[in-house]
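Residues 0 to 438 in numbering that gives the first Met the number 0 are what the sequence shown lists, from first letter to last. The beta carbon of each residue, even a glycine, is placed where N, CA and C say it ideally should be. Encoded as structure tokens, the structure appears first; notes follow it.
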Amino acid sequence: MIAAQGSAQAGAFGLREQSTIGAGMAFAGVAAGSASLGSMFWNPATVTDLPGMRSEQNFTYVAPYAKLTTEPGSSPGYAALGGRSSGDIGQDGFLPAGYSSYQVNDRLWLGLSSGAPFGLATKPDADWAGRAYGSSTKVSSVEVTPSVAYKINDWLSVGAGLRVLYFHARYTSAVPALAAPQAWNVAGLEGDDTNVGFTLGATLKPWAGGEIGIGYRSMVRETLDGNFFGGQALAPPPFGAMLNHNFKATVNLPETVTVGIRQEINPALTLSGTVEWTNWSRAGFPRIVDQTTGTLHAATPFLPLDYKDGWFFSVGADYRINPAWTVRAGLGYEISPIRDSSRSTRLPDSDRIWTSLGATYDWDEKLAFNLGYTHIFAKSGDVRINAANPNYNPRLAPVFDTLNADGKAHVDIVSLGLSYRWDDVRQTIPVSQPIVRKY
């Protein structure tokens, strides 16, 4: 499950790191095929640009840094509870993603991909004053997607895939112990589910050297089945009565639309761009139903996923220095789905700037090595938990009521990839290019 754990890098708890080549140019043009075989994650139709039988494996290491520091205006009780600084709450993650495609004939391609589209892991220092609003959070996922793509003619291709997605979530908070209210134990929720969705895509080649792609990844509805857990008996009620009760909660994982474009300027230089929309606002407030009582869970009646829609924009370029070496770079800007009014200590996400560099070395006509590096500059993500914030817990009032914290964050991402062609290049079914490029 380490494949899906790490600080989210696609807004909220989404993960964008699905391709080494894409990571080297801030994912510019990925829906139009700029990420080679990895583009099928965003648009299954892009494989029709790639003849023969191919595989690609990507290994990405995500090293996030995020720190929260309590500020004046916080309730006095927090000062006695622990330190002002959360320490680095970001947990490093390792994300593999794999792709394979097979050209059946000059019109039909089959594909298979695997990866982790969602993930999050945060954990503050054990003595942080704000741990009542989050002592650990972990979201993980594994997805496998078989797909098919069809080349309708020389300038239009379409594709579709079936998403099989496993999703797991666990979060804990510090709560007062029954026997000794001055002491704090840990209680939380944990659950998982597997469900299916789909992906659709199309590519157009309307003019010389240009390609436009649009990809759609559907919403997946996961009904988490799990339990509320705690250490010793907890106080005040209803915590003590809820230990080890089973629960269900339906989480709507959002759909995404990605539009990409790439244009060959000359045989060496190609420019690319991406616009991506993610419907995070559909996440809402998932109801947590206690299966013992059949009613809303008394201690935690809902998950406050009060998100707005997320947007991502990027531009990039790749340049072929010689037959062996290609270098690339990209710049992106992401509008976070996290609202200032509902930002939590678990996910102090904010708008961010992506800067990326990458390279590919073609060992021969079959084997290639890919490298990508990204640094993300995040804006300050201040946390204001009070009665207007959906994360607010009135049971902690008045001693642990208002929590104000200043958030600072940045991320470093390193990705390594390996691409291989299994077929005999000399006997590959040719991929035709349009003679007349028009709609």
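Contacts around V157, its chain only, beta-carbon distance under 6 Å, and the 5 residues preceding and following it disregarded: A44, Y149, A201
Top-ranked residue by Cα proximity to V46, from L346, S313, S33, E275: Here the closest residue by C-alpha is S33.
Can you tell me whether DSSP reads G5 as helix, strand or coil? Low local confidence applies: a pLDDT of 44 at G5 is under 50, so the model's placement there is unreliable, with the coordinate-based value given in what follows. Note: G5 maps to coil in three-state DSSP.
Closer than 7 Å: is that where the CB of G28 sits relative to any heavy atom of the ligand ATP? Within the structure as shown, the ligand ATP is missing, as the structure has no ligands at all.
Compare the Cα-Cα distances from P300 to each of Y419, Q290, K307 and report the closest residue. Looking at the Cα atoms, Q290 is the closest of the given residues.
Does the beta-carbon of V174 have 16 or more other beta-carbons within 10 angstroms, so that it is buried, or is it exposed? buried
Suppose contacts are defined by Cβ-Cβ distances below 8 Å. Is L346 in contact with Y372 by that definition? no
Extract the residue ranges of the beta strand (DSSP E) inside the stretch 255–297, only unbroken runs of 3 or more that lie entirely within it. 255–263, 268–277, 287–289
Give me the Cα-Cα distance between I211 and T269, rounded to the nearest whole angstrom. 13 Å
Of the choices R15, E16, G13, A25, whose alpha-carbon is the least far from that of S313? A25
Let me know the beta strand (DSSP E) ranges lying completely inside the stretch 148–225, each 3 residues or longer, listed in chain order. Unbroken beta strand (DSSP E) runs of no fewer than 3 residues, entirely contained in the stretch 148–225, are found at 155–175, 183–203, 209–216, following chain order.
Name the DSSP bridge partner or partners of P63? The bridge partners DSSP lists for P63 are V410.
Inter-stretch contact (C-beta, 8 Å, three-pair minimum) for the stretch 35–43 and the stretch 158–167: yes
In terms of residues, what are the limits of the beta strand (DSSP E) holding I334? 324–334
Euclidean distance between Cα positions of A120 and Q90: One C-alpha to the other measures close to 5 Å.
Can you tell me whether V103 is buried or exposed, with buried defined as 16 or more other CB within 10 angstroms of its CB? exposed
What do you get for T442, buried or exposed, if any count of 16 or more other CB atoms within 10 angstroms of its CB means buried? No information on residue 442 is available, as it lies outside the stretch 0 to 438 that the chain covers here.
Give the secondary structure of M24 by DSSP, where H, G and I count as helix, E and B as strand, and everything else as coil. The three-state reading of DSSP puts M24 in coil, since its state is none of H, G, I, E or B.
Quick check on DSSP: helix, strand or coil for L36? For L36, the secondary structure class from DSSP, reduced to helix, strand or coil, is helix.
Go to Y360, then tell me how far its beta strand (DSSP E) extends in each direction, as first and last residue. 351–361
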